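>
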Amino acid sequence: MPAESLRWDTLDALKNSPKGRIKYNPDWLERGEDILAGCNESPSLSPLSGLILKRLSTRPLQKTRSLSSPSRDTSPGLSEEGALSSSLPTSPYQTLLSPASPRSASPLHLSSPPTSSSKQDDQPEEEEDEADLSPVANPTPPPAISLMSPKATQVAGFIRICEEKHRAKAKAALNRRVELQEHLVATVAGLESEQLKRFEELMELKQRQEFQSMRDMLDKEAQESLGRQEKMKEEHQKRIKILNLRLREAEQQRLREAELERQRQTDGRERLRALNAVQEEVLQLHQLLEPATALDHASLITRGNQLCSQVSEVVRTTAEGEFPSVEDMAVVERALQDMRSLVRELQQQVSQEVERRRREQEEEENLRKQAELQAQQEQEKKNAALSAKEKAKKKGLQNSADESTLKWFKELQEAAYQCAQSFEDLNNTKDMQTKKMRMELQKAASIPVSQISSVSGSKLREVFDKIDKLLSGRPVVSGGKSVSTSLHPHGLEFVSYKLAEKFVKQGEEEVASHHEAAFPIAVVASGVWELHPRVGDLILAHLHKKCPYSVPYYPPMKEGTSVEDYQRILGYRVEDSGVEAQDSFLKRMSGMIRLYAAIIQLRWPYTNKQTPDPHGLNHGWRWLAQMLNMEPLADVTATLLFDFLEVCGHALMKQYQGQFWKVIFLIKDDYFPRIEAVTSTGQMGSVMRLKQFLENALRTKQIPPPKGQLFPGFWRT
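Just so we're on the same page, my numbering is the position in the sequence shown counted from 1, plus 434.
1) Answer with buried or exposed for residue 742, where buried requires no fewer than 16 other C-beta atoms within 10 angstroms of its C-beta.
2) According to the neighbour-count rule (16 or more other Cβ atoms, all chains shown, within 10 Å of its Cβ), is residue 1162 buried or exposed?
3) Do residue 919 and residue 911 have their C-beta atoms within less than 8 Å of each other?
4) Using three-state DSSP, classify residue 915 as helix, strand or coil.
5) Which residues in the same chain have their Cβ closer than 6 Å to the Cβ of residue 981, if we skip the five residues on either side of it in sequence?
6) On the three-state DSSP scale, how would you describe residue 637?
7) Work out the CA separation of residue 842 and residue 978 for me, nearest whole Å.
8) Measure how close the beta-carbons of residue 935 and residue 888 come, nearest whole angstrom, since I'm counting them as under 8 Å.
9) For residue 633, count neighbouring C-beta atoms within 10 Å of its own C-beta (all shown protein chains included) and say buried if the count is 16 or more, exposed if not.
10) Compute the distance between the beta-carbons of residue 1140 and residue 1081, then report whether it is under 8 Å.
11) State buried or exposed for residue 1150, treating a residue as buried only when at least 16 other CB atoms are found within 10 Å of its CB.
12) Output yes or no for whether 8 Å exceeds the beta carbon distance between residue 1117 and residue 1068.
13) At the level of alpha carbons, what is the spacing between residue 702 and residue 763?
14) Measure the Cβ-Cβ separation of residue 1031 and residue 1054 and say whether it is below 8 Å.
15) Tell me the residue span of the alpha helix (DSSP H) that contains residue 868.
16) Work out the CA separation of residue 1114 and residue 1013 for me, nearest whole Å.
17) Quick one: Cα of residue 793 to Cα of residue 785, how far?
18) At what residues does the alpha helix (DSSP H) containing residue 1063 begin and finish?
19) Assuming residue 976 contacts residue 1008 (C-beta within less than 8 Å), just tell me the rounded distance between them.
20) Assuming residue 998 is part of the alpha helix (DSSP H), what are its boundary residues?
21) Out of curiosity, what's the CA-to-CA distance linking residue 965 and residue 852?
22) So within the segment 964-1052, which uninterrupted beta strand (DSSP E) runs reach at least 3 residues, ignoring any that extend past its ends?
23) Applying the 10 Å Cβ sphere with the 16-neighbour rule, what's the burial state of residue 595?
24) Verify whether the separation of the beta carbon atoms of residue 933 and residue 997 is less than 8 Å.
25) Rounding to the nearest angstrom, what Cα-Cα distance links residue 699 and residue 757 in this structure?
26) I'd like to confirm the pairing. Which residues does DSSP put opposite residue 910 in its beta bridges?
27) Buried or exposed for residue 733, please, with buried defined as at least 16 other CB atoms from any protein chain shown within 10 angstroms of its CB.
28) If distances are taken between C-alpha atoms only, which option among 1063, 1047 and 672 comes closest to residue 1109?
29) If you measure between the beta carbons of residue 1048 and residue 970, is that distance less than 8 Å?
30) So with Cβ pairs under 8 Å, would you call residue 1110 a contact of chain D?
31) What's the gap between the Cα of residue 899 and the Cα of residue 1145?
32) Report yes if the CB atom of residue 840 is closer than 8 Å to the CB atom of residue 924, and no otherwise.
33) Please go through the same chain and pick out, in chain order, the residues whose beta-carbon is closer than 7 Å to the beta-carbon of residue 1143, but skip the five residues on each side of it.
34) Assign residue 954 to one of three DSSP states: helix, strand, or coil.
Okay, here's the thing in C-alpha cells:
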C-alpha cells in the first residue's frame, strides 16, 4: 500500500507548507484583515520536496523519458498519465521543479526511493539526499526536471483537486461568512435602529421626565411661594392686629391721660372756686372784725389779718397759672375755721359788752325817760321827712327798690345763709373719709352743669336726669364712683347749695363769654327749679348776691363801710391787686342778667305743662318795671337793659303785646334821656347799642328771636 503511505506523507507535506499553515480566524473582518491574504503568496516547495519526488519514482528509470524529448510516449500507461497530466493545469509545484524552459532543462535521474525501514534506519542517507536537494535554494538555476511519472502527475492532480476543493470550500465558507456578516450587519443595523429608536424614546422620556420634574418643581415652588405668601399675609395681618392693638392701647392710654388731665383740671378748678369762696367768706368774716376797734379786740383783728394774709398767699400762688393743691385747700380751710372761731369769740365779747351796757342802762332809767320826750320829737320830724319823701316819689324816680322787693331779697339771702349753716359740720369736718365724700358730692353737683351744651337734646336730657337723680337721693356715677346725697344727713342741702352756686357761676363765666350758652343752661335750671323749688330759691339768692341789679337793687353805702367793701357789695371783684376793671365787671353782670332773662322765658319740655311756671315771664315784667322806676346808673343800666331786652324782649312782646310796646316807647322817650344824662363821654358804647336796639324795634315793630334759642327740633337730636 505504497500509495496510502504517500498520501499521508503528501498531506503532512501540504500541512507544513505555507498554505497548510493558513489559520482561519473569525475576527479577520473585524480587524480589517483580508481572509485570502495567505493565498496570494507565491507557492513554494519545501526543501524536502526533492525527497518526496525521489520517493515517488518507484518505477525503473528505463520507463521514464526525458521531458525535453519531442517524441511522445505511446505506452498506454504513459499516454494515460500524459493525458491526465496534460488535462490538469500546471501545478505550481511543476513550476518550482522546472523554473526554466522544459527544452533547456537538463535531465534529472531520480533514484528509487528507499523503503520505510531504510528511511528510519539510514539517517546518513537522508542527509545525502538533503545535500543533493540543496542546489534548489541555490541562486544558480537548477537543471530542469522532467516529471514523467504517472504517480507524480496523479499526486499533482490530487493536490490540484484538493486545492480546488479547499478553494471552493473556502469560497463557500467565505460566502457563508459574507452572508453571515451581511445578516449580522443587517441584524446589527436593525438592532442599532431599534436601539436608536429606544434611545430616542429614552431621550424623549427623559425630556418628558425632566419637563415633568421641572413642571413639578415649578408647581412645587409655586405652591411654596403661595404658602409663603399666605404665611406672610397671615404674619402681616397678625402684625396689623398687633399694631392696631398697640394703637388702640396707645389711644386708650392717651384718652385715659386726657381724662386724668381733664379730671385734674376739673378738680383744680373746683379747688380754685372753693378757694375763691373761702377767700370771700374769710374777707366777709374779716369785715365783721373791723367794727371791733376797742383795744381789747386788737389781738383778734391782728389774728384776722394774719389769716387773711395766709389765704391771700395761697391765692397769689394760683394767680401764676397753677391750681391750688389739696394741702393748700387744707391750709385755707383751717384758716377759715380759725377766722370763724375769731368771729364767734368776737361775738361773745360783743354780747358780753351788750350785757354790761344793758346793766348800765338799767341804772340810768331816769335819763331814758327824758330821752323818750326827745324821741317823740324826733319821730315827728321823721314822719315829716317821710311824707316829704313820698311826695318826692310821686314827682320823680326812686333811688332804691320797693319794700316788698327788699323783703323778698332779704328772705332769699336768709334762706341761703340757713342752708349754708345746715351743712357747716360737713365743711368743718376733719375726718378724711367725710372730706372725700364731700368732694365727691361737690363733683357730682358741679360736673354735670359744666357738661351742659347745645350739641343735642339727648345729651342735655342725660345731664338733667343725672342732676334730678342726685337731688332725689338716688345714687349716680361720678368719676367712676357711685355717689348719693343719702350718705350724709346734710348731703342734700350741700348739693343743692353747690348746684345753685354752679348755675350762677356758669352765667358769670360761660354765658359772659358765649351769649348762646345761656339757653341750654337756663332750660336745665328751669327744669331743676320746677322739680326742686329749693334749688331755684338758692339760684336766685346766689344771683342776687353776685349781681344785685338782678333784683333790681342798688345797695346804698352805709356809714363805716370802706370803699372796697362797698364795691364788693355792688358785685365787683376786689383782690390784693385792686378792683377789677369796669369792662370785666360789666361782662360778668351781663352774663348773669342774660342767664336770668333766659330762665324766666324757658321751661323744661318734659314736665307737666298744667302746673304754673315757678318763675315765669311775669317776673321779667316786674324786673323791667322796677328797673324803669329807679334812677339809672352810668354804664350799668344801659348795659343791663340792652342784654335783658335782647334775650327776653321777643318773649315779652308775644306775651304782653301792646303793653310791651308802651314800655318801649317809655324807655325811648322818657328813660333813655335820663341814661344819657348820667353817662360820661367814655361810657357811650352801651348807650349807643341800647339806642340802636330801640330804634330798630320801633321801626320794624318787631323784636327778633335771640341767637342761640332752642327750637322744638332741637329735642329730637
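For glycine and all other residues, C-beta sits at the position ideal for the given N, C-alpha and C.
Since the structure is predicted, the reported quantities are computational estimates derived from the model, not experimental observations.
Taking the structure as given:
1) Start at 1 with the first residue of the sequence shown, and residue 742 comes out as number 308. So residue 742 ends up on the buried side.
2) The requested residue 1162 is not part of the displayed model; the chain covers only 435 to 1151.
3) For the purposes of this step, residue 919 is identified with residue 485 of the sequence shown, where counting begins at 1. For the purposes of this step, residue 911 is identified with residue 477 of the sequence shown, where counting begins at 1. It is not a contact, given that the beta carbons lie outside the stated cut-off.
4) Taking the sequence shown and counting its residues from 1, one reaches residue 915 at position 481. Strand at residue 915.
5) Residue numbering aside, residue 981 sits at position 547 when the sequence shown is read from its first letter. Closer than 6 Å at the Cβ level, and outside the excluded window around residue 981, lie 1005, 1023 and 1026.
6) Against the sequence shown, residue 637 aligns to sequence position 203. It is helical.
7) Indexing the sequence shown from 1 puts residue 978 at position 544. Indexing the sequence shown from 1 puts residue 842 at position 408. Our two residues, residue 978 and residue 842, have alpha carbons roughly 11 Å apart in a direct line.
8) Counted from its first residue, the sequence shown places residue 935 at position 501. Counted from its first residue, the sequence shown places residue 888 at position 454. So it is not a contact: roughly 23 Å between Cβ atoms.
9) Within the sequence shown, the letter at position 199 stands for residue 633. So residue 633 counts as exposed.
10) Along the sequence shown, one-based indexing puts residue 1140 at 706. Along the sequence shown, one-based indexing puts residue 1081 at 647. Against a cut-off of 8 Å, the Cβ pair of residue 1081 and residue 1140 comes out as a contact.
11) Translated into the one-based positions of the sequence shown, residue 1150 becomes position 716. Per the 10 Å Cβ criterion, exposed.
12) Locating residue 1117 in the sequence shown gives position 683, where the first residue counts as 1. Locating residue 1068 in the sequence shown gives position 634, where the first residue counts as 1. Against a cut-off of 8 Å, the Cβ pair of residue 1068 and residue 1117 comes out as a contact.
13) Your numbering for residue 702 matches position 268 in the sequence shown. Your numbering for residue 763 matches position 329 in the sequence shown. It is roughly 10 Å from the alpha-carbon of residue 702 to the alpha-carbon of residue 763.
14) Numbered from its first residue, the sequence shown carries residue 1031 at position 597. Numbered from its first residue, the sequence shown carries residue 1054 at position 620. For residue 1031 and residue 1054, yes; Cβs fall inside 8 Å.
15) As a first step, residue 868 must be located in the sequence shown, where it is residue number 434. First-last of the alpha helix (DSSP H) with residue 868: 866-884.
16) Counting from 1 along the sequence shown, the entry for residue 1013 is found at position 579. Counting from 1 along the sequence shown, the entry for residue 1114 is found at position 680. Distance between the alpha carbons of residue 1013 and residue 1114: 20 Å.
17) Here the question's residue 793 lines up with position 359 in the sequence shown. Here the question's residue 785 lines up with position 351 in the sequence shown. For residue 793 and residue 785, the distance between alpha carbons rounds to 12 Å.
18) Indexing the sequence shown from 1 puts residue 1063 at position 629. No alpha helix (DSSP H) contains residue 1063, which DSSP labels as neither H nor E.
19) For this step, residue 976 is matched to residue 542 along the sequence shown. For this step, residue 1008 is matched to residue 574 along the sequence shown. Incorrect: roughly 18 Å between the Cβ atoms, too far for contact.
20) By one-based count along the sequence shown, residue 998 stands at place 564. Element bounds for residue 998: 997-1004.
21) In the sequence shown, residue 965 corresponds to position 531, counting from 1. In the sequence shown, residue 852 corresponds to position 418, counting from 1. Cα to Cα, residue 965 sits roughly 21 Å from residue 852.
22) none
23) As a first step, residue 595 must be located in the sequence shown, where it is residue number 161. Residue 595 comes out exposed.
24) The residue given as residue 933 occupies position 499 in the sequence shown. The residue given as residue 997 occupies position 563 in the sequence shown. No.
25) Indexing the sequence shown from 1 puts residue 699 at position 265. Indexing the sequence shown from 1 puts residue 757 at position 323. One Cα belongs to residue 699, the other to residue 757, and the distance between them is close to 8 Å.
26) Here residue 910 corresponds to residue number 476 of the sequence shown, with the count starting at 1. For residue 910, which the question treats as bridged, DSSP gives the partners 917.
27) As a first step, residue 733 is located in the sequence shown; it is residue number 299 there, counting from the start. Under this definition residue 733 is an exposed residue.
28) Here residue 1109 corresponds to residue number 675 of the sequence shown, with the count starting at 1. Checked all of 1063, 1047 and 672; the closest Cα to residue 1109 is 1063.
29) In the sequence shown, residue 1048 corresponds to position 614, counting from 1. In the sequence shown, residue 970 corresponds to position 536, counting from 1. Taking 8 Å as the Cβ cut-off, residue 1048 and residue 970 qualify as a contacting pair.
30) Here there is only one protein chain, and chain D is not present.
31) For the purposes of this step, residue 899 is identified with residue 465 of the sequence shown, where counting begins at 1. For the purposes of this step, residue 1145 is identified with residue 711 of the sequence shown, where counting begins at 1. So the two alpha carbons sit approximately 20 Å from each other.
32) Taking the sequence shown and counting its residues from 1, the one referred to as residue 840 is at position 406. Taking the sequence shown and counting its residues from 1, the one referred to as residue 924 is at position 490. Cβ atoms of residue 840 and residue 924: not closer than 8 Å.
33) Within the sequence shown, numbered from 1, the residue matching residue 1143 stands at position 709. Closer than 7 Å at the Cβ level, and outside the excluded window around residue 1143, lie 953.
34) The residue given as residue 954 occupies position 520 in the sequence shown. DSSP places residue 954 in helix when its eight states are reduced to three.
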